Amino acid sequence: MTEKFAIRILALDDERLMLKLLSHMLAILGFAPAVTFDNGRAALEWIDSPDNYPDLILLDLNMPEMDGVEFVRHLVERHYGGSLILISGESERMLQTVTKLVRAHKIQVLGHLRKPITLEGLNSLLEKWTPPSQSELLAAKKIYSADEVRAAIVNGELINYYQPKVEVATGRVVGVETLVCWSHPDDGIVFPSQFIGVAEAHGLIDDLTRVVLTGALAQARVWQDAGLTLRIAVNVSMGNLGSLNFADFVAGEIATAGIPPQQVVLEVTESQLMEDPRAPLEVLTRLRMKRIRLSIDDFGTGHSSLAQLRDIPFNELKIDQSFVHGAWDNGTVRAMFDASLGLAKQLDMEVVAEGVEDRDDWDFLRKTECDIAQGYFIAKPMRAASLPDWINSWQMRLQKELAAAPQAMRIR
Ligand code: C2E
Ligand code: MG
Ligand code: MG
Numbered sequence: 053m054t055e056k057f058a059i060r061i062l063a064l065d066d067e068r069l070m071l072k073l074l075s076h077m078l079a080i081l082g083f084a085p086a087v088t089f090d091n092g093r094a095a096l097e098w099i100d101s102p103d104n105y106p107d108l109i110l111l112d113l114n115m116p117e118m119d120g121v122e123f124v125r126h127l128v129e130r131h132y133g134g135s136l137i138l139i140s141g142e143s144e145r146m147l148q149t150v151t152k153l154v155r156a157h158k159i160q161v162l163g164h165l166r167k168p169i170t171l172e173g174l175n176s177l178l179e180k181w182t183p184p185s186q187s188e189l190l191a192a193k194k195i196y197s198a199d200e201v202r203a204a205i206v207n208g209e210l211i212n213y214y215q216p217k218v219e220v221a222t223g224r225v226v227g228v229e230t231l232v233c234w235s236h237p238d239d240g241i242v243f244p245s246q247f248i249g250v251a252e253a254h255g256l257i258d259d260l261t262r263v264v265l266t267g268a269l270a271q272a273r274v275w276q277d278a279g280l281t282l283r284i285a286v287n288v289s290m291g292n293l294g295s296l297n298f299a300d301f302v303a304g305e306i307a308t309a310g311i312p313p314q315q316v317v318l319e320v321t322e323s324q325l326m327e328d329p330r331a332p333l334e335v336l337t338r339l340r341m342k343r344i345r346l347s348i349d350d351f352g353t354g355h356s357s358l359a360q361l362r363d364i365p366f367n368e369l370k371i372d373q374s375f376v377h378g379a380w381d382n383g384t385v386r387a388m389f390d391a392s393l394g395l396a397k398q399l400d401m402e403v404v405a406e407g408v409e410d411r412d413d414w415d416f417l418r419k420t421e422c423d424i425a426q427g428y429f430i431a432k433p434m435r436a437a438s439l440p441d442w443i444n445s446w447q448m449r450l451q452k453e454l455a456a457a458p459q460a461m462r463i464r
């Protein structure tokens with residue numbers, strides 16, 4: 053009983069009555085009162101505060117503003133290490149598909165409940181709950197305060213890592229994506245998912261992006277001078293695109309570094325809901341006019357991606373890793389991959405597959421029309437100084453091991 057009572061439960065459903073019903077059922081079953089929210093934004097705000105961490109989330113899938121699938125994506129970004137129970141009025145098949153998708157993100161799903169839910173149904177899923185293992189606990193998030201993140205930016209504790217992007221057909225290294233990490237004096241290397249959200253929420257993302265971009269362009273210049281022509285990609289948040297002078301800032305930095313603008317890629321994820329889409333649209337259009345390449349990141353993860361494709365002339369589409377890794381073996385994942393690839397090809401965009409984790413993923417890609425691959429199978433993000441050696445070893449690998457693969461057969 054006491055063990056049950058210690059489980060911290062969060063319930064998220066847009067129907068208040070449903071929240072009341074869930075609270076009531078939890079009380080009957082001997083659980084502590086759950087924290088309840090009727091929208092995803094409020095729930096995320098609560099989770100982002102340092103002392104709040106749910107062990108279990110009861111999640112409604114159908115919500116008007118941020119739906120359950122999008123909410124899961126935000127949990128993945130925060131390295132959520134707890135469990136989930138999915139709730140929906142949708143068909144059993146729909147629930148099963150979403151359950152598979154969530155599990156592909158390595159989040160533990162205890163099961164799903166179809167509305168109207170019953171006390172027995174809820175109880176049987178709650179009984180499956182087990183405390184996370186020690187390693188899961190270690191991997192789980194520590195969320196930093198805005199002051200800590202601000203100090204990290206000011207004190208120069210942010211370090212750019214670079215992850216190679218290679219051409220699928222030839223293996224040629226075409227560019228790198230810049231991923232910022234925080235070299236924390238006590239905690240060691242802290243990953244971006246643990247502080248980008250905080251920076252976005254507290255008006256620090258402009259300063260952060262400027263530091264990352266300036267460093268990446270200076271590095272690109274060093275590589276260029278050494279005879280290495282690489283496209284350099286930098287991630288930008290919606291928050292960056294709200295200020296109209298962003299395009300001029302980027303163009304100015306590119307000119308200072310002396311890099312052709314065509315070599316610079318900005319990867320945009322619509323991770324925050326747009327309050328006023330006009331400013332981002334204008335900024336992105338101006339960036340395009342300055343010949344800077346635009347990439348739509350994490351494609352397929354549930355934001356209003358289609359509207360963006362219609363309005364903004366993106367050059368590149370990055371298929372999210374959850375639709376790449378294992379696509380060869382999983383019909384649902386494969387369907388999302390094929391649909392994204394087909395759409396991008398029709399719009400004449402270059403396609404990058406993220407999350408190429410193993411040989412199976414790579415062999416699968418070689419049989420498709422996907423242009424570029426990125427992922428742990430090729431290389432993990434690395435410090436700039438490691439790149440030349442990595443390129444040498446990649447070329448050796450290509451010659452020896454990868455060339456032995458059956459000749460790529462283009463299908464589609
Ligand atoms: P993203 O732009 O989609 O970056 C790809 C993420 O996938 C990186 O995580 C990368 O390390 C990881 N990854 C690469 N290959 C594989 C693979 O084979 N398997 C798996 N499972 N993961 C792989 P990371 O470095 O933790 O970055 C997370 C996110 O943080 C990025 O996602 C990006 O949205 C954001 N981010 C990183 N740097 C910046 C930045 O400077 N500014 C902004 N605004 N966001 C950033
Ligand atoms: Mg990216
Ligand atoms: Mg991505």
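Under the working numbering, the first residue of the sequence shown carries the number 53, and numbering increases by one thereafter. Built from N, CA and C at the ideal position, the CB exists for glycine as well. Small disclaimer: the values here were computed from a predicted structure and weren't measured.
A contact is defined here as three or more CB-CB pairs under 8 Å, and the stretch 403-420 fails this definition with respect to the stretch 196-204. Here His-76 carries a helix assignment [DSSP, helix/strand/coil].
Partner residues in the beta bridge of Arg-345, as assigned by DSSP, are Val-317.
Here Leu-138 is near Thr-151, since their CB atoms are less than 8 Å apart. In this structure, the beta-carbon distance from Ser-245 to Arg-125 does not fall below 8 Å. Bridge pairing for Ile-284: Val-228, Val-316 [DSSP]. One thing to note: Glu-406 has its Cβ within 8 Å of the Cβ of Gln-373. Comparing alpha-carbon positions, the option among Asn-175, Ile-99, Arg-411, Arg-386 lying closest to Leu-127 turns out to be Ile-99. Selection around ligand 2 by beta-carbon proximity, strictly under 7 Å to any non-hydrogen atom, yields Glu-229, Ala-285, Asn-287, Glu-319, Thr-321, Asp-349, Lys-370 in chain order.
By a beta-carbon distance limit of 8 Å, Lys-167 does not contact Gly-133. Their separation comes to about 27 Å. The closest heavy atom of ligand 1 lies 7 Å or more from the beta carbon of Phe-298.
A residue is called buried when at least 16 other Cβ atoms come within 10 angstroms of its Cβ; Ile-311 meets this threshold and is buried. When secondary structure is reduced to three states using DSSP, Gln-160 falls in the strand class.
Per DSSP, the unbroken beta strand (DSSP E) holding Asn-212 starts and ends at 210-219. According to DSSP, residue pairing for Ser-235 in a beta bridge involves Ile-241. Along the length of the stretch 84-117, whole beta strand (DSSP E) runs at least 3 residues long occupy 87-89, 108-112, reported in chain order. DSSP lists no beta-bridge partner residue for Ala-391. With a threshold of 7 Å, the Cβ atom of Gly-407 counts as near ligand 1, since some heavy atom of the ligand is closer than that.
If you ignore the 5 residues before and after Phe-83, its C-beta comes within less than 8 Å of the C-beta of Lys-56, Phe-57, Ile-59, Ile-61, Leu-178, all in its own chain and listed in chain order. In the displayed model, Glu-421 falls within coil according to three-state DSSP, outside both helix and strand. Nearest C-alpha to Gln-271 among Tyr-214, Phe-351, Val-403, Glu-209: Tyr-214. Our two residues, Val-263 and Asn-367, have alpha carbons roughly 24 Å apart in a direct line. The alpha-carbon of Ser-445 is positioned some 14 Å away from that of Ala-455. Taken atom to atom, the span from the alpha-carbon of Trp-275 to that of Gly-120 is near 43 Å. DSSP places Lys-370 in the strand class (E or B) of the three-state scheme.
Ligand 1 approaches Ser-245 closely enough that one of its heavy atoms is under 7 Å from the residue's Cβ.
Counting only residues of its own chain and dropping the five nearest sequence neighbours on each side, Ile-257 has a CB closer than 7 Å to the CB of Ala-251, Ser-289, Gly-291, Asn-292. In this structure, the C-beta of Leu-231 approaches ligand 1 to less than 7 Å from one of its heavy atoms. The alpha carbon of Phe-389 has as its nearest neighbour, out of Asp-400, Gly-352, Val-206, Leu-136, the alpha carbon of Gly-352. Excluding its 5 nearest sequence neighbours in each direction, Lys-342 has C-beta neighbours in its own chain below 7 Å: Ala-299, Ala-303, Pro-313, listed in chain order.
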